[in-house]
Amino acid sequence: MLRKLVLAVFVAVVLFCCGCSLFPKKAKPEELLCILTIDKMTYLSNEPVLATVRVQNLTNEEISLLNLDARTVSFYRLNESTGEPLEVMPVYSEKEPMSTVAKLKGLEGMERPFLFTTLTKGEGDYLLQAFFHSSPFHGKKARPTVISEAKKLSIAGRAPYERDAKGILMKEDAIRIAKEKVGDSAEFTTATLIINEAGLYDWWVTLVLNKKDAQGQPIRKAYFINPYLAAIRKEANPWLAPPRWKESQPAVMFKRDAMNESNIPLPATPNVKK
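4 is the number of the first residue of the sequence shown in the numbering used here; add one for each residue after it.
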């Protein structure tokens, strides 16, 4: 009996001394919540997608984190029928500062929209998910990547325009959109792809119409066509010549070439919850 009592006391002492390692620690509460929304659920092929990412501070304390941008947020599209993941890139401008640090007060949130033009390639049912690399710190101080819930979207039918491999509206469609605006036939047209003041692409389309003005001169019209939204952005001066395209100008559609020196680790596949 005494032996059993001594053994019980010994076990109790061991458990007490080693309790921290024998019993699982409570998981550290989440600091941030990442919420992804999209403008609708069904799209035509080549149609642009507007997605909004919101980050919410779940604590009562101020948190230092990276701002939402094309470097700090990665997006994955998952094909529901095949399970194949594909990283999809939002439109961004090289003039936009990247990986800047912000402070988010307790229980406050921040959000920003992201525009996609390559996300709707191929018909089918898909899931879209956002991965926010929020931490401005490395090592032990680093915060884990925050992952949103997946959003479902379906792609069926075709939009009345085409895009190239980078999601840029084709030249012929830019001219057609400008012609539809004036409502008259044109005897001469030019279309030049330029980088505008915001660091994004524009089609600069100039039309010489098949009708004259009061002085008997051909009427000219010019427009900046947004190649992401496939729509007229604003009217241009029809008497100015577009700047000559330089092949050395950087492509602003995708981030990988411009940001391949980033140390931010990217997940191989999305952690999609069906």
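Beta carbons are placed, not taken as given, at the ideal position from N, Cα and C, and that holds for glycine.
Tyrosine 46 and threonine 123 closer than 8 Å at C-beta: Here residue 46 corresponds to residue number 43 of the sequence shown, with the count starting at 1. Here residue 123 corresponds to residue number 120 of the sequence shown, with the count starting at 1. Closer than 8 Å, so yes.
Contacting residues, own chain, Cβ-Cβ under 7 Å from serine 67 (five flanking each side not counted): The residue given as residue 67 occupies position 64 in the sequence shown. Closer than 7 Å at Cβ, skipping near neighbours: Val104, Lys106 and Pro139.
Check whether arginine 115 and leucine 71 have beta carbons under 8 Å apart: On the sequence shown, residue 115 is found 112 positions in, with the first residue counted as 1. On the sequence shown, residue 71 is found 68 positions in, with the first residue counted as 1. Taking 8 Å as the Cβ cut-off, arginine 115 and leucine 71 qualify as a contacting pair.
Strand pairing of glutamine 132, partner residues [DSSP]: Along the sequence shown, one-based indexing puts residue 132 at 129. Paired residue(s): Tyr79.
Candidates Ile197, Val211, Glu90 and Leu118, of which the one nearest lysine 174 by Cα: By 1-based counting over the sequence shown, the position of residue 174 is 171. Considering only alpha carbons, the answer is Ile197.
Proximity of alanine 54 and isoleucine 41 at Cβ, strictly below 8 Å: Within the sequence shown, the letter at position 51 stands for residue 54. Within the sequence shown, the letter at position 38 stands for residue 41. Closer than 8 Å, so yes.
Option nearest glutamate 97 by Cα separation, candidates Leu243, Thr209 and Asn199: For the purposes of this step, residue 97 is taken as the residue at position 94 of the sequence shown. Out of Leu243, Thr209 and Asn199, Asn199 has the C-alpha closest to the C-alpha of glutamate 97.
Alanine 181, enclosing alpha helix (DSSP H) - first and last residue: Along the sequence shown, one-based indexing puts residue 181 at 178. Per DSSP, alanine 181 belongs to the alpha helix (DSSP H) from 174-185.
Expected contact under 8 Å - CB spacing of phenylalanine 119 and proline 93 to nearest Å: Looking up residue 119 in the sequence shown gives position 116. Looking up residue 93 in the sequence shown gives position 90. With a Cβ gap of about 5 Å, phenylalanine 119 and proline 93 count as contacting.
Span separating the alpha-carbon of tryptophan 242 from that of arginine 223: For the purposes of this step, residue 242 is taken as residue 239 along the sequence shown, with counting starting at 1. For the purposes of this step, residue 223 is taken as residue 220 along the sequence shown, with counting starting at 1. Distance between the alpha carbons of tryptophan 242 and arginine 223 is about 8 Å.
Cα-Cα separation, proline 245 to glutamate 238: Taking the sequence shown and counting its residues from 1, one reaches residue 245 at position 242. Taking the sequence shown and counting its residues from 1, one reaches residue 238 at position 235. For proline 245 and glutamate 238, the distance between alpha carbons rounds to 13 Å.
Per DSSP, the bridge partner or partners of isoleucine 198: For the purposes of this step, residue 198 is taken as residue 195 along the sequence shown, with counting starting at 1. In DSSP, isoleucine 198 forms a bridge with Tyr204.
The stretch 150-167 / the stretch 186-194 touching (three or more Cβ pairs under 8 Å): no
Buried or exposed by the 16-neighbour rule on C-beta atoms within 10 Å, applied to alanine 133: Numbered from its first residue, the sequence shown carries residue 133 at position 130. Buried: at least 16 other Cβ atoms inside 10 Å.
Cut-off 7 Å between Cβ atoms - residues of its own chain near glycine 109, not counting five sequence neighbours on either side: Here the question's residue 109 lines up with position 106 in the sequence shown. Closer than 7 Å at the Cβ level, and outside the excluded window around glycine 109, lie Asn60, Thr62, Asn63, Glu64 and Glu65.
Buried versus exposed, by CB contacts within 10 Å (16 or more), serine 84: Stepping through the sequence shown from its first residue, residue 84 is reached at position 81. By the neighbour-count rule (16 or more Cβ atoms within 10 Å), serine 84 is not buried but exposed.
Closest residue to leucine 131 among Lys144, Leu81, Glu190 and Trp207 (Cα-Cα distance): Residue mapping note: residue 131 aligns to position 128 of the sequence shown, counting from 1. Comparing Cα-Cα distances from leucine 131 to each of Lys144, Leu81, Glu190 and Trp207, the minimum goes to Leu81.
Beta-carbon spacing of isoleucine 178, valine 208 below 8 Å: Here residue 178 refers to the residue found at position 175 of the sequence shown. Here residue 208 refers to the residue found at position 205 of the sequence shown. The answer is yes: Cβ separation under 8 Å.
Three-state secondary structure assigned by DSSP to lysine 124: Here residue 124 is taken as the residue at index 121 of the sequence shown, counted from 1. The answer is coil: DSSP assigns lysine 124 none of H, G, I, E or B.
Alpha-carbon to alpha-carbon, lysine 144 and glutamate 33: By one-based count along the sequence shown, residue 33 stands at place 30. By one-based count along the sequence shown, residue 144 stands at place 141. Each residue's alpha carbon lies about 15 Å from the other.
Enclosing beta strand (DSSP E) for glycine 112 [first to last residue]: In the sequence shown, counting from the first residue as 1, residue 112 sits at position 109. 112-119 is the span of the beta strand (DSSP E), which, as asked, contains glycine 112.
Backbone secondary structure at glycine 142 - three-state DSSP: Taking the first residue of the sequence shown as 1, we reach residue 142 at position 139. Here glycine 142 sits in helix by DSSP.
Simplified DSSP state of proline 246, which is helix, strand or coil: To locate residue 246, count along the sequence shown from 1; it is residue 243. Proline 246: coil per DSSP, three-state reduction.
8 Å Cβ cutoff met for alanine 201 and glutamate 50: By one-based count along the sequence shown, residue 201 stands at place 198. By one-based count along the sequence shown, residue 50 stands at place 47. No; because the gap between Cβ atoms is not below 8 Å, this pair is not in contact.
Within 8 Å, strictly: CB atoms of alanine 153 and glutamate 126: In the sequence shown, counting from the first residue as 1, residue 153 sits at position 150. In the sequence shown, counting from the first residue as 1, residue 126 sits at position 123. Not closer than 8 Å, so no.
Proline 100 versus valine 56: straight-line alpha-carbon distance, rounded: Position 97 of the sequence shown, counted from the first residue, corresponds to residue 100. Position 53 of the sequence shown, counted from the first residue, corresponds to residue 56. Each residue's alpha carbon lies about 18 Å from the other.
Beta-carbon contacts of alanine 194 that lie in its chain and below 6 Å, excluding the five residues immediately before and after: Here residue 194 refers to the residue found at position 191 when the sequence shown is read from its first residue. Same-chain partners within the cutoff: Lys174, Ala177, Ile178, Trp206 and Val208.
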